[in-house]
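Structure first, commentary second.
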Amino acid sequence: MPEMTYLQAISDGLREEMRADESVFCLGEDIGAFGGAFKVTDGFVEEFGADRVWDTPLAENAIVGTAVGAAVEGLRPVCEMQFADFISCGFDQLVNVAAKMHYRQGLAVPMVVRLPSGGGFSGGPFHSQNPEAWFMQAPGLKVVAPSTPEDAKGLLSAAIRDPNPVCFMEHKHLYRRAKGDVPEGRYTASMGEVGVAREGTDLTVIAYGAMVPVALEATDDIGGASVEVIDLRTLVPLDRDGILESVRKTSKVVVLHEATRSCGVGAEVAALIAEEAFEDLDGPVVRVTAPDSPIPFSPPLERAVLPQVDDVKEACRELLAY
Amino acid sequence: MAMTSARPAALPATDAEPALALDRADRSALLRFMLLMRATEERALTLYRQGKVPGSYYDGRGQEATCVGTAFALGPRDRACVLHRDMGAHLVRGVRPGRILAQMMGREGGVTRGRDGNMHFGDRELGCVGMVSMLPDMMLVACGMALAFQMRREPRVAMTWFGDGSTANGQWHEAMNVAGVRKLPIVFVLENNQFAYSTPNDLEFAVDPVERAATYGFPGVKVDGNDVEAVFEAAAEATERARMGGGPTLIECATMRMHGHGAHDDMRYVPAEMFEAWSKRDPIETYSARLKSDGFDVDAIEQSVVEELERDTEWALAQPMPDPATAADGVFAKADPQLGDGAAPWSRWATVQQEGDR
Amino acid sequence: MSSSPTSALTDVVMPQMGVSVAEGTIVEWHKRVGDWVERDEVIVEISTDKVETEVPSPESGRVSEILVEVGTTVDVGTVLARLDAGARPGEPHVEESTVDSRQSTVAPPVTPVVRRMVAEHDLDISKIPGTGRNGRVTKKDVVAFMKEWGERPAEPVLHTESPYVEAEPLSTVDRRLSTEPGVPLSPMRRSIADHMVRSLQTAAHCTTVVEADMSAVEAARGTLSYLPFVARAAIAALREYPQLNATLEGDRLHVHDEVNLGIAVALGDDGLIVPVVKDAHELSHEGLATRIADLAERARSKRLTPDETKGGTFTITNPGRYGALLATPIINQPQVAILDLEAVVKRPVVVGDAIAIRPMTYLCMSWDHRALDGVLAARFLSSVRAHLEGWNG
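Protein chains in written order, with this note's numbering: chain V, 1 to 322; chain S, 1001 to 1358; chain U, 2001 to 2393.
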C-alpha cells in the first residue's frame, strides 16, 4: 500500500471517484486552474475538463444551492468550501434546502460539501473554525470527520456514494502532518462506526479529526495507565454502540474536541453516556475543548484556546485519580 | 386602507459651498499616503519573510491610488468599512503604520491586540469598522451605518470597499438593492483588480458591475483606479451627492493586484503580458512624476516616509505578545458602542475640525 | 531592566517556510565572510520543500562566520551564519576563505550520468540540491532526490503555511496553574505584581548608572538622611531636562511643568506604596525632608488619602540603607523614569592624581526608551551628580 499524506489521500479518493463515475463533478472557488486553495484538485481540470471542475464565482449559497439542484437530477456534486468557516455564507441552502428535502418530498440529495476546518496556524477567527456542531443540529445532514489518510480517502468515497448530503470535515492541521498507508484504487470505508485508535482498560478518550493524534500523544505514557482512544470518524450518524461499548469497559471518559465548548459534539456524547451508561460510570464525564470564544490569531492566544497535549494529559490524570 | 411607505425626508443642505478641489498640501498628502502604504506593506513583507508575521500575509501593492483617493474624500464624522487591500484608507483615517505592523505580528500594540490578524482590523476610535473574511459582508454593515445617518438626518456618509469577486455574492446584490431602495448616503467602492484569488473577471460575472448599478436605481461610474486624483474626484462627487440626499453611487476603480492573493500565492494564473502592461502604470511612480513636474519636493516626501517607517517599525518590534490568560476575554460587551471620528486630512475639512467636536 | 549593547554575535537561522516543513537547503550565499550586510538586505537564498526564497538579514553587520555551505540541508532553526552587529561597515572581503571555495560564478558541469538520469526521469535539475564541488549535482544527489520526491513536481506552499518562527516570548506572563496550591497573594501584593508586570510589558526599560561623590552632602546633612538631598538635586536636574518629568500614555507624551515627586515607601511584608510630594519643585531640601517623613509615617499607619498617591511625574526609591549597591528599578507607570538611590559607601577613589576616601553612591535610573534616549538619561544623571557634588546648602 502506498504511503500518502492526508491531503494526498483526499485528492486520490476524489480522483478515483471521478474516474469511476462520470456523474461526479467538483465545484468551488479557485479549484480549476489554481487547483484549489489547498491543492486538493491540482491537475483535475486538466484531466476532467472545466465542466466537471467548475471555478465558481465567489458565492457560497450559489455553490451549495446549485449542487442541490444538480444532485436531485442525478449528478453527484462535490462542493469545496475554501475554508469551513465560509459555510455560513451558504448556510441557508445547506440546512433548509439540502437537509430537509428528503424528509418533505422523499427526494434524495446525493451531494458532498468538503470543509477544510480547524486551526493551529494563526488563521484567526475566520479561517480556524470547527463548525460540525451546527450541522448536527440540522437533521438530514450526515457529517464525517476522518483523522487518518486511510479514512480521509475511504470516508470521502463513502460520502460521495451516500444518497444524502454529507459534510466532510477535513482538518487542515492534518493535511501534511498525517501520513499513513492508503489502499490503492477505489476504496470506500464504512460510515457510522467508531475506530479504536488504541485499546485500553483504565480510561477512554473519545476524539475525532486532529484531536485523535493529540489524544494518542497525551496518553502514550501517562503514569502507566492503559488508555483507550476512540476515533469517532463519523459524527452523524453517531456510533452510539461503539461509544457505549468503550465506556462500559473503562468506566471513565474524557471527550476531546478542538471545537468550542457549549453544545459541541462533546456535549452530545456526554449526554448520551450519562443517559445510557450511567451505571457504568466510575467518574464524571469530562470534556476538553476550546472555550466559548472566537479563535484568536496571535500564537500565544491561539495556543491558550486550542486544546494542547498538556491539557488532555491533565484532564486524564485527574480523572484517573478520581 | 392604503399603506404608505416611509420615505426619508430630504437632508438639510449644508451652509458652505463645497469646494471639491485639492490644494497643494492635499496633493502632497495624497502622494505621501500612497508612499506610506507601499513602505508599510514592503516592511511587513520583509517581516513576514524574516519569520515575524504569523499566519498569512496579504497586501494591496499596485492599488494604493484606489484606497487613498477614495478615503481622502471622507469627513471626520463619516464612517468606513475598509478591506484587506486598502491599507491606505486606514492610514488616511489616522491609523499609525506601527500599529498596523504590530497588528500583523500579533502583538499587544496591534489594533486587535492579537485577536485577529493581517488586515482584519478597524480602529473604532477612528470610525473604522474592521472587515470579516466573508465577502462582501461589510457592504451591508456600511448600509446600516448609512441608515443611521439617514434616520438621524445627519449629513454624514458611509464608504465601503470590495472586490470584483464580491459582485458575484448574494450580499452584494442585497446591499446594492437596499441602498437603492432607501437612497442611503453611501459610497460603494468596487476595486476591480482583475482577479478574485485566481478567478478572472470572465469567470466571475457576465455583465460589467458598473452597468448593473442602474438596475438598482443609482449611478455607476468607472475610473482609472491607478490615477489617485481621478479616483479622488469621483469619490468627492459621490460623497457630496450622498451627503445632499442624492443617494448611493457605485465607483469602479480599475486597477491590478501586483502581488498574489497572499504571500503564499505564486500568481501562476496571471498572463505575463497583462502583468507587464500594468507594471508600467504604477500609481505611485506616475503620480510622483506628475508632482515633480509641478514643482513638488518629492524626495522630501519620500524621506519623511522612510523616517516614519523606521520609527514605527522600532516601536512595533518592541511590542510584547499578548497575555495568554486573556485569550477568551472580551467575548461580550459591557457597554454601548462608541465609534469615534477619523482624521480627515483633506483641506476642505480643516475648518469643520476646528469648529466641531471630534 | 538594564540594556546591553549588541556586542554578541547575531545568528542568522534557517527559517521555517511552511508549517509542515522541518528543514531547508542553502541555494546561494549572497554575502561572504567579512562582507557587510544591511538589515533586510538579502543574505542567503534557501530552498525548503523546493520553494526557493530569499532570506533578508535580521540585522546590519559584518558577516563573521558562514556555518552552512551551499547545497547542505539543515533543520529549521539551525544557525546558518553569524553577524557582528557591532562592527562598522568597511571594505568587503577580498580574499576567498576556505569556506567560500564553493562560491563560483561559473555553473558547475553536468556529468553524463546525471544528464541521462535527469532526462530519463523527466526531472528539473535546478530543483536538485548539489553537494559536489562548487555545488555540482552528483549522481548520489539525483538518486536521493528521486527517493524523496519521486518524479512528481514540487509540493506547492499551502495557504495555511507560514514562515513564522516563534521567538523567545517577550515578557508575557505565563499564568498556567501550578499543581501546588501555594499561598494566594494579598490584594496589595497582587496589585503591585500587576503594576510591575504591566510596566515591564509597556515600557522599553533601560537603566543608566552614574557614580556620585557625596562628601559635600555628607558635610551638610547633619541628622537628615541622603534622600532629601538627592530629591532636591533631582528636581534641579528635572528643571534642566524637563523631558524626564513626563508621563507617556499610549503614544502621547505629556511633559509636566510641576514636579510631583513620588517617593517609594516600604511597608514591610505588605509591600510598598508610592506617596507623591505635590509641587516638590517649590520645596527646599528641608521642606522635602519634612514632607517625605510625614508621608512615610502616614503611609505606614495607613492614613494616606487616595489623592496622595496620584499625579506623580517622577519617582525616587531609596532601599539603599540596607547595603545594596546597584539596582535596576521598574518604572512607575505612566512616568518615563525612576531614580534609585543605593547605599552610600566609603570607597577609595581617584581625586586629581591622588587616592582619597570618599562616601560614594550609585545613582541608578531606569528610563523608558520609547520616550527618551541614553544620551538624555546620562546627561540628566550627570546633572544630578553635579548638584550633589557641588552642594553648598
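Even glycine gets a Cβ: it sits at the ideal position worked out from N, Cα and C.
- Proximity of Ser1056 of chain S to chain U, defined by a Cβ-Cβ separation below 8 Å, is satisfied.
- One Cα belongs to Val182 of chain V, the other to Gly1094 of chain S, and the distance between them is close to 55 Å.
- With a contact defined as Cβ atoms closer than 8 Å, Gly2312 of chain U and Gly2374 of chain U miss out at about 23 Å.
- Chain S places a beta carbon closer than 8 Å to that of Ala2204 of chain U, counting this residue as a contact.
- Taking a beta-carbon distance threshold of 8 Å, Ser1028 of chain S does not count as an interface residue toward chain V.
- As far as DSSP is concerned, Asn1177 of chain S takes part in no beta bridge.
- Checking the DSSP bridge columns, you'll see Asp1224 of chain S partnered with S:Ala1254.
- In the same chain as Pro146 of chain V, and ignoring 5 residues on each side of it, the C-beta atoms closer than 6 Å to its own belong to Ala152 and Leu155, in chain order.
- The way I'd put it, the region 101-111 of chain V does touch the region 64-77 of chain V; three or more beta-carbon pairs between them come closer than 8 Å.
- One thing to note: Gly2071 of chain U has its Cβ no nearer than 8 Å to the Cβ of Thr2111 of chain U.
- The three-state reading of DSSP puts Cys89 of chain V in helix, counting H, G and I together.
- Straight across, the Cα-Cα distance linking Arg2385 of chain U with Gly2352 of chain U is about 18 Å.
- Distance between Glu245 of chain V and Ala1327 of chain S, taken at the CA atoms: about 37 Å.
- Ser2301 of chain U is classed as exposed because its beta carbon has fewer than 16 other beta carbons within 10 Å across all chains shown.
- Straight-line spacing of the CA atoms in Ala304 of chain V and Arg2116 of chain U works out to 54 Å.
- A check of alpha carbon separations from Gly28 of chain V across V:Ser190, V:Lys100, V:Ala37 and V:Asp21 identifies V:Ala37 as the nearest.
- Apart from sequence neighbours up to five positions away, the residues of its chain that approach Lys100 of chain V with a beta-carbon distance below 7 Å are Gly140, ordered along the chain.
- Excluding sequence positions up to five before and after Ser2284 of chain U, its CB lies within less than 8 Å of the CB of Arg2232, all in the same chain and listed in chain order.
- With a threshold of 16 other beta carbon atoms within 10 Å, Met136 of chain V meets it and is buried.
- Secondary structure note for Leu1035 of chain S: its alpha helix (DSSP H) is the uninterrupted segment Arg1024 to Arg1049.
- Under the three-state reduction of DSSP, His171 of chain V is assigned to strand.
- Under the Cβ distance rule, Ser2215 of chain U does not count among the residues neighbouring chain V, no pair being separated by less than 8 Å.
- At a Cβ-Cβ threshold of 8 Å, Leu235 of chain V and Tyr208 of chain V count as neighbours.
- Closer than 8 Å to the CB of Phe86 of chain V there is not a single CB belonging to chain U.
- For the region 2235-2263 of chain U, there are no residues whose beta carbon sits under 7 Å from a beta carbon of chain S.
- For the region 2195-2281 of chain U, the full-length beta strand (DSSP E) segments reaching 3 residues or more read 2205-2213, 2246-2249, 2252-2255 and 2261-2263 along the chain.
- Taking C-alpha positions only, Glu22 of chain V is separated from Asn1169 of chain S by approximately 29 Å.
- Boundaries of the beta strand (DSSP E) around Leu235 of chain V: Thr234 to Val236.
- Every alpha helix (DSSP H) of 4 residues or more that sits fully in the region 1257-1298 of chain S is shown, in chain order, as 1272-1279 and 1283-1293.
- Residue environment for Arg1085 of chain S: buried (at least 16 other C-beta atoms within 10 angstroms of its C-beta).
- Sequence-distant partners of Arg2190 of chain U (beyond 5 residues in either direction) whose C-beta falls short of 8 Å from its own C-beta are missing from its chain.
- Secondary structure at Arg2347 of chain U: strand, using DSSP grouped into helix, strand and coil.
- Only residues of its own chain outside the window of five on either side were considered, and among them Val2013, Pro2015, Gln2016, Val2076 and Gly2077 have a CB closer than 8 Å to the CB of Val2165 of chain U, listed in chain order.
- Take Gly2271 of chain U, set aside five residues on each side of it, and the residues of its chain with a beta-carbon closer than 6 Å to its own are Met2188, Arg2189 and Ile2192, in chain order.
- The closest CA to that of Ser2060 of chain U, considering only U:Arg2082, U:Glu2240, U:Glu2258 and U:Ala2237, is found on U:Arg2082.
- Fewer than three Cβ pairs drawn from the region 255-275 of chain V and the region 1286-1299 of chain S lie within less than 8 Å of each other, which leaves the two stretches out of contact.
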